[in-house]
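Quick note on the numbering used here: the sequence shown kicks off at 159 and runs consecutively. Where is the CB? At the ideal position from N, CA and C, for every residue including glycine. Worksheet for the structure shown next.
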Amino acid sequence: MRARIQVTGVVQGVGFRPFIHNLAQKYRLKGFCRNDSEGVLIEVESDTSNGGIEDFVKELMSSAPPLSRIDSLFTKIIPGEGNYKDFTIRESLFREGKSTFVSPDIAVCPDCVREMFDPHDRRYGYPFVNCTNCGPRYSIVLDIPYDRPKTTMASFTMCSACTREYNDPADRRFHAQPNACQVCGPKLELIVHRSSFTVKEKENPVETAIALLKQGAIVAIKGLGGFHLCCDATNRDAVARLRERKRNSNKPFALMAPNSITIKNFCVVSEEEERLLESRIRPIVLLKKKVMDNGPKTIGKDKNEENILLPDEVAPGNSSLGFMLPYTPLHYLLFSGEGKQFTALVMTSGNRSEEPIVTSNDEALKKLAPLADAFLLHNRDIYMRVDDSIVRAGNQEPEARSRNSDDRSQNTEIKGKETTSSPSFPPFYIIRRARGFVPDTIDLGEEFREILACGADLKNTFCLTKGSKAIPSQHIGDLEHYETLGFFGETLRNLKNTFRVAPEAVAHDMHPDYFSTKLALEYAREHDIPEDRCIPVQHHHAHIVSVMAEHGLREKVIGIAFDGTGYGMDGHIWGGEFLVADRVSFERAAHFRYVPLPGGDKAVKEPWRAAAAYLHQTFGDHAFEILPSFFRRFKRADVDAVLQMVKNSIHAPLTSSAGRLFDAVSSVIGLRDRITFEGEAAIDLEMAAHAYGGITGEPYPYNKEGSSIDMSPAIEAIAGDCNRSVETGAIARRFHATMGEVILNVAKEIREESGLRNVVMSGGVFQNRLLTEISIAALRKNGFAVWMNERVPANDGGISLGQAAVAWERMKKGVQ
Numbered sequence: 159m160r161a162r163i164q165v166t167g168v169v170q171g172v173g174f175r176p177f178i179h180n181l182a183q184k185y186r187l188k189g190f191c192r193n194d195s196e197g198v199l200i201e202v203e204s205d206t207s208n209g210g211i212e213d214f215v216k217e218l219m220s221s222a223p224p225l226s227r228i229d230s231l232f233t234k235i236i237p238g239e240g241n242y243k244d245f246t247i248r249e250s251l252f253r254e255g256k257s258t259f260v261s262p263d264i265a266v267c268p269d270c271v272r273e274m275f276d277p278h279d280r281r282y283g284y285p286f287v288n289c290t291n292c293g294p295r296y297s298i299v300l301d302i303p304y305d306r307p308k309t310t311m312a313s314f315t316m317c318s319a320c321t322r323e324y325n326d327p328a329d330r331r332f333h334a335q336p337n338a339c340q341v342c343g344p345k346l347e348l349i350v351h352r353s354s355f356t357v358k359e360k361e362n363p364v365e366t367a368i369a370l371l372k373q374g375a376i377v378a379i380k381g382l383g384g385f386h387l388c389c390d391a392t393n394r395d396a397v398a399r400l401r402e403r404k405r406n407s408n409k410p411f412a413l414m415a416p417n418s419i420t421i422k423n424f425c426v427v428s429e430e431e432e433r434l435l436e437s438r439i440r441p442i443v444l445l446k447k448k449v450m451d452n453g454p455k456t457i458g459k460d461k462n463e464e465n466i467l468l469p470d471e472v473a474p475g476n477s478s479l480g481f482m483l484p485y486t487p488l489h490y491l492l493f494s495g496e497g498k499q500f501t502a503l504v505m506t507s508g509n510r511s512e513e514p515i516v517t518s519n520d521e522a523l524k525k526l527a528p529l530a531d532a533f534l535l536h537n538r539d540i541y542m543r544v545d546d547s548i549v550r551a552g553n554q555e556p557e558a559r560s561r562n563s564d565d566r567s568q569n570t571e572i573k574g575k576e577t578t579s580s581p582s583f584p585p586f587y588i589i590r591r592a593r594g595f596v597p598d599t600i601d602l603g604e605e606f607r608e609i610l611a612c613g614a615d616l617k618n619t620f621c622l623t624k625g626s627k628a629i630p631s632q633h634i635g636d637l638e639h640y641e642t643l644g645f646f647g648e649t650l651r652n653l654k655n656t657f658r659v660a661p662e663a664v665a666h667d668m669h670p671d672y673f674s675t676k677l678a679l680e681y682a683r684e685h686d687i688p689e690d691r692c693i694p695v696q697h698h699h700a701h702i703v704s705v706m707a708e709h710g711l712r713e714k715v716i717g718i719a720f721d722g723t724g725y726g727m728d729g730h731i732w733g734g735e736f737l738v739a740d741r742v743s744f745e746r747a748a749h750f751r752y753v754p755l756p757g758g759d760k761a762v763k764e765p766w767r768a769a770a771a772y773l774h775q776t777f778g779d780h781a782f783e784i785l786p787s788f789f790r791r792f793k794r795a796d797v798d799a800v801l802q803m804v805k806n807s808i809h810a811p812l813t814s815s816a817g818r819l820f821d822a823v824s825s826v827i828g829l830r831d832r833i834t835f836e837g838e839a840a841i842d843l844e845m846a847a848h849a850y851g852g853i854t855g856e857p858y859p860y861n862k863e864g865s866s867i868d869m870s871p872a873i874e875a876i877a878g879d880c881n882r883s884v885e886t887g888a889i890a891r892r893f894h895a896t897m898g899e900v901i902l903n904v905a906k907e908i909r910e911e912s913g914l915r916n917v918v919m920s921g922g923v924f925q926n927r928l929l930t931e932i933s934i935a936a937l938r939k940n941g942f943a944v945w946m947n948e949r950v951p952a953n954d955g956g957i958s959l960g961q962a963a964v965a966w967e968r969m970k971k972g973v974q
């Protein structure tokens, strides 16, 4: 009996061929397997009719390597004898037009870590140890099929010992493409940039880097998908210096600790959060900072040492910290130096403010020189830059169940019909989708034409479609920077090549001046895509459909899209929208009342401007008398100029943005008048609400006339509370409760008119955990099924998926 088997999915670079080889040996089958441009091709032949091939296929499906994912397996019985003497792994085969999936970069496995710390192992102390179960993948792959010559490891010729491992079916490194050791693999180099730090000549690069970090140096470290800027997180001077050099803002730095136990000294860590930290993805996990009466909990090495405290400069004024665990061998070595270990290291992206993460040695030495005191480099090239992913745990209520990210079983039941059952809360929400997730695909549940969706301008990602899969890019960044536009182009070329995608349509935001729109239209011109295949998609519609595409929702839903900025159908700035939407179109059922935004984009960076506009809308010219404590914080000339913009509609575009409403309330109650990074004022408002330990009280009042939701009564009540010196935390908590009440009541009104019960929530405002939990609890209690983004971010990083789904639905139905 002879069979040909084609397997597709994530089956290259994950130890799949060695697994097949050993499985064939187990069932005494002869034949071969090989990588091809579609996946893995297998031919097996059995000398007997005892079901060996059938058992082989069953075990292949049930026990595939942990890093693999089988999307399809086709078996065909073929005639004839193969004349096979044994089972072999053959040379890879390129097949024109076919594509396969590349594995994301995976954290170093426990077996490799043990070898690296074993003095008797030949890889003792080697900072590039890896095997078929771990290590670099996406960041080093030049092309498919995935073989060493098509990776950035091609320039490193394996020594005899590594070659034996590579060819030994019983070895963990059998056909591990990045296989290397001290003799034949990549090497480290340390360059000291500033002479103010002392270095011992005999120390190796890792030991030297550790010594420099202990002296308070900032070291640029080349990692898996780019550079990090690193310093001792307990050294206040070093952290403050890095903050001043890198961005001079309050944006929190990412932190790395040697283990979860250490992190628990600083943060409250649930079981789910610990699983996230220790997962093979090793993302940055947003955690609640531990607080005692005298501030954050302090820790120490032992009773004889002074307690160590993370300085506030790590995350100024923030009640959360973003921690991750080591995910490369080099990270483990940095925490293993002789003497006092680091409690935590700052590991922030190695870039200049808002530019893409730096990847090459030459680029780092040039661009990071003003930021770093030393450079820890290596000579393995990074082909695809990939930043660290950021996640936060989902709702922790008891009935929430964890599920595999590829398990769509709960979604298949709701395709094409209305449902009243809510999905389980996911184990986590993605804030930034990059290392460990990309280039994983998302199952769309049907065959799509090949589409390029170019996303939004901020937190940009793009999305390609191929067959039934969506291929979202890694986090690209803000497209207003020239370097980021280049990153967009290089990533698009790579993913198009890897997945063999030739887009026949492009989708883009409706805003005519977005860089992403211009990129889409330029791509269409260069590739002769006709005008009717250039499909504009309204920003908030794309937010809602991104959730629908993830979960297989096809019928109309109640869509709630809350964010900062999106180009509206009427030319105004939308952002507080209640839609009745399907994948083709939408109706705007309700929205927050328009308010002028004095100074336009300047009001985003100075929330007091939005606050002044809301106060004037509520009280008119009496605003000064009603809330003098607010206006006294600013120069009278500045206030007069802002109010003149509002009154005369000069450089004051109208907005319905929920994000700007949160900003305005944050400023009105005295939390944040000017921001140093996007969302800072709203984050302060959420933190104040979380910190408040008292009774929430009744929601603030609001009015709804027709489709317009007027928050003036709430602003009036908030001003009254400010004048009565009510705690800011109490006001913040009541405001969150109010927004939850608005969401529930408007959803109920729409349900009464339409009969719809599926509620989809998306947009950057829903990264506010408190608002999300209040809203979900209220909606579920009242019989709604609530759906949110899980596999792409709720912020603009998920927009491109929604654009692609809308574009395909319109193409199918012939709708422009």
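Could you name the residues of the same chain whose beta carbon sits closer than 6 Å to that of Ser825, not counting the 5 residues immediately before and after it, in chain order?
-> Pro765, Trp766, Ala769 and Asp831
Residue closest to Leu503, alpha-carbon to alpha-carbon, out of Lys308, Ala375, Gly647 and Phe533 | Ala375
Alpha carbon to alpha carbon, how far is Ile588 from Glu323? Give it in angstroms, no decimals.
-> 37 Å
Below 9 Å between beta carbons: does that hold for Gly724 and Val516?
-> no
Roughly how many angstroms separate the alpha carbons of Glu948 and Glu708, rounded to a whole number?
-> Taking the straight line from one Cα to the other gives about 8 Å.
Check whether the Cβ atoms of Ser815 and Gly734 sit closer than 9 Å, and answer yes or no.
-> yes
Spatial distance of Arg559 from Ala551 (CA atoms) = Reliability fails at Arg559, whose pLDDT of 32 lies under 50, so the model's placement of it is uncertain and no value is given.
When DSSP labels each residue in this structure, what does Ile200 get in the three-state scheme?
-> strand
Going along the chain, which residues of its own chain have a beta-carbon closer than 7 Å to the beta-carbon of Lys573, five neighbours each way excluded?
-> Note that Lys573 scores a pLDDT of 36, beneath 50, so its modelled location is shaky and nothing firm can be said.
Run through DSSP, which three-state label would Cys692 get?
-> DSSP places Cys692 in strand when its eight states are reduced to three.
Please name the residue or residues paired with Gln170 in a DSSP beta bridge.
-> DSSP, once it has assigned bridges, lists Val260 as partnering Gln170.
With DSSP collapsed to three states, give me the class of Asn325.
-> helix
Candidates Ile419, Asn417, Glu402 and Glu212, of which the one nearest Phe411 by Cα | Glu402
Can you tell me whether DSSP reads Ile687 as helix, strand or coil?
-> coil
Where does Cys292 fall in DSSP's three states?
-> strand
Secondary structure, alpha helix (DSSP H): runs of 4+ residues fully inside the stretch 325-400 | 363-372
Roughly how many angstroms lie between the CA atoms of Ser787 and Asn881, to the nearest whole one?
-> So the two alpha carbons sit approximately 8 Å from each other.
Pull up the distance between the alpha-carbon of His633 and that of Phe620, whole angstroms please.
-> As the crow flies, the alpha-carbon of His633 is around 9 Å from that of Phe620.
Asn926 - DSSP class collapsed to helix/strand/coil = For Asn926, the three-state secondary structure derived from DSSP is coil.
The stretch 695-707 in contact with the stretch 915-931 per 3-pair CB rule at 8 Å = yes
Excluding the 5 residues preceding and the 5 following Val364 in the sequence, name in chain order all residues of the same chain whose CB lies nearer than 6 Å to its CB.
-> Hits under 6 Å: Leu491.
Pick out whichever of Ala678, Ala810, Ile731 and Val168 has its Cα sitting closest to the Cα of Asn193.
-> Val168
Is it right to say Pro556 is buried, meaning 16 or more other beta carbons lie within 10 angstroms of its own, or is it exposed?
-> With a pLDDT of only 34 at Pro556, under 50, the local geometry of the prediction cannot be trusted, and no value is derived from it.
Give the range of the alpha helix (DSSP H) segment to which Pro661 is assigned.
-> From DSSP, Pro661 is part of no alpha helix (DSSP H); its letter is neither H nor E.
Taking Pro871 as the reference, which of Asp879, Val260, Gly878 and Tyr860 has the closest Cα?
-> Tyr860
Counting only the same chain and skipping the five closest in sequence on each side, list residues whose C-beta sits under 7 Å from that of Asp690.
-> Gln974
State the start and end residues of the unbroken alpha helix (DSSP H) segment that holds Cys270.
-> Counting along the chain, the alpha helix (DSSP H) containing Cys270 begins and ends at Pro268 to Met274.
Test item: CB-CB of Leu434 and Val426 under 9 Å = Leu434 is not a Cβ neighbour of Val426, given a cutoff of 9 Å.
Within the same chain, show all residues whose beta-carbon is closer than 6 Å to that of Glu745, passing over the 5 residues directly before and after it, in chain order.
-> Val738
Buried or exposed (CB count within 10 angstroms, at least 16 for buried), Ala592 = Burial call: buried.
Given that a residue counts as buried once 16 or more other Cβ atoms are within 10 Å of its Cβ, and exposed if not, what is Asp565?
-> Reliability of the predicted coordinates at Asp565 is poor, the pLDDT of 36 falling under 50, and the value obtained from them is presented with this limitation in mind. Exposed: under 16 other Cβ atoms inside 10 Å.
Pull up the CB-CB distance for Ser226 and Val172, whole angstroms please, since I reckon it's below 8 Å.
-> About 4 Å; that satisfies the 8 Å criterion.
Please determine, among Met845, Pro951 and Ile957, the residue with the shortest C-alpha to C-alpha distance to Leu928.
-> Met845
Three-state class that DSSP yields for His894 in the structure shown | helix
Using the C-alpha atoms, what's the distance from Gly625 back to Ile609?
-> 10 Å
Integer-rounded CB distance, given that Pro176 should sit under 8 Å from Pro327 | 6 Å
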